[in-house]
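Here is the structure we will look at, set down as structure tokens.
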Amino acid sequence: MKLKKNIAISESGFLFDPSSGDSFNLNKTGQQIVKMLSEGKSENAIIRSILEEFKVEKHTLQRYLDDFYSMLRQFNLIENE
984 MKLKKNIAIS
994 ESGFLFDPSS
1004 GDSFNLNKTG
1014 QQIVKMLSEG
1024 KSENAIIRSI
1034 LEEFKVEKHT
1044 LQRYLDDFYS
1054 MLRQFNLIEN
1064 E
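Per this note's numbering, the sequence shown runs over residues 984 to 1064.
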């Protein structure tokens, strides 16, 4: 899964889609996920990184990621696979 190339991301967690004009505020976890997606990291690498940094169980994280990826698809923020 890859973030669209034209998506702008600030260090404060502000995400902007210039093609639609939509903007989003991300929490710390969302910021980390989006950053890793923009770097081309795999889903497994994202999971490992978040499990190392945050106190969360793997099944809870997987549910969160599924919801987060669904939101990215809904707002057309990722490349077509």
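Heads up, the beta-carbon is just placed ideally off N, CA and C, and yes, glycines get one too. Keep in mind that this is a model prediction, so the values were computed, not measured.
Of the residues the options, the one placed nearest residue i, counting alpha carbons only
i             : options                      : result
proline 1142  : Val1017, Glu1022 and Ala991  : Given a span of 984 to 1064 for the chain in the structure shown, any question on residue 1142 remains unanswerable.
valine 1039   : Gln1057, Thr1012 and Glu1022 : Thr1012
arginine 1046 : Glu1022, Glu1026 and Ser993  : Glu1026
Three-state class that DSSP yields for residue i in the structure shown
i               : result
isoleucine 1033 : helix
leucine 1055    : helix
asparagine 1008 : strand
leucine 998     : strand
isoleucine 1016 : helix
leucine 986     : strand
Presumed contact (8 Å Cβ cut-off) between residue i and residue j, rounded CB distance
i                  : j              : result
leucine 1020       : lysine 985     : 7 Å
phenylalanine 1051 : aspartate 1005 : Going by Cβ atoms, the distance from phenylalanine 1051 to aspartate 1005 rounds to 16 Å, so no, they are not a contact pair.
Short Cβ contact (8 Å threshold) for residue i with residue j
i              : j               : result
glutamate 1015 : isoleucine 1030 : It should be noted that the sequence gives glutamine, not glutamate, for residue 1015. No.
lysine 988     : leucine 1060    : no
leucine 998    : valine 1017     : yes
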